[in-house]
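>
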């Protein structure tokens, strides 16, 4: 949700468009990290370190939490951010299609 709001602010969306975004956000379920999600995130970092994937790097902590939450909920990440490509065990949907790794 932060990235949605960041994108809207960065693009200087008007008030009406921002209100529409906030309505859509209000319909989403917010997941709080539980013990299992923390374990998934830790394992994901180790797996990424082992294969030399940049998602293991500290700078990508936020992205790693996004990936771990998706993996924990068994859903795809919807993003065109290349950091999510070729992440072990992560399903990714982009404008180019769906990727299962």
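In the numbering used here, the protein residues as written are 1443 to 1543.
Even for Gly, the Cβ is constructed at its ideal location relative to N, Cα and C.
1) Counting along the chain, where does the alpha helix (DSSP H) carrying residue 1538 start and finish?
2) For residue 1507, report the span of its alpha helix (DSSP H) as first-last.
3) Taking a contact to mean a Cβ-Cβ separation below 8 Å, would you say residue 1518 touches residue 1506 in this structure?
4) Residue 1519 by DSSP, collapsed to three states: which one?
5) Check for me: the alpha helix (DSSP H) holding residue 1489 runs from which residue to which?
6) Between the C-alpha atoms of residue 1474 and residue 1504, what's the straight-line distance to the nearest angstrom?
Judging by the given coordinates:
1) For this step, residue 1538 is matched to residue 96 along the chain shown. It is not in any alpha helix (DSSP H) - residue 1538 carries neither H nor E in the DSSP assignment.
2) For this step, residue 1507 is matched to residue 65 along the chain shown. Residues 1503-1515.
3) Taking the chain shown and counting its residues from 1, one reaches residue 1518 at position 76. Taking the chain shown and counting its residues from 1, one reaches residue 1506 at position 64. The Cβ atoms of residue 1518 and residue 1506 lie no closer than 8 Å to each other.
4) Reading the chain shown from its first residue, position 77 is the one you call residue 1519. Of the three classes helix, strand and coil, the one that applies to residue 1519 here is strand, per DSSP.
5) Translated into positions along the chain shown, residue 1489 becomes position 47. 1477-1493 is the extent of the alpha helix (DSSP H) around residue 1489.
6) For the purposes of this step, residue 1474 is identified with residue 32 of the chain shown, where counting begins at 1. For the purposes of this step, residue 1504 is identified with residue 62 of the chain shown, where counting begins at 1. Rounded to whole angstroms, residue 1474 to residue 1504 spans 14 Å at the Cα level.
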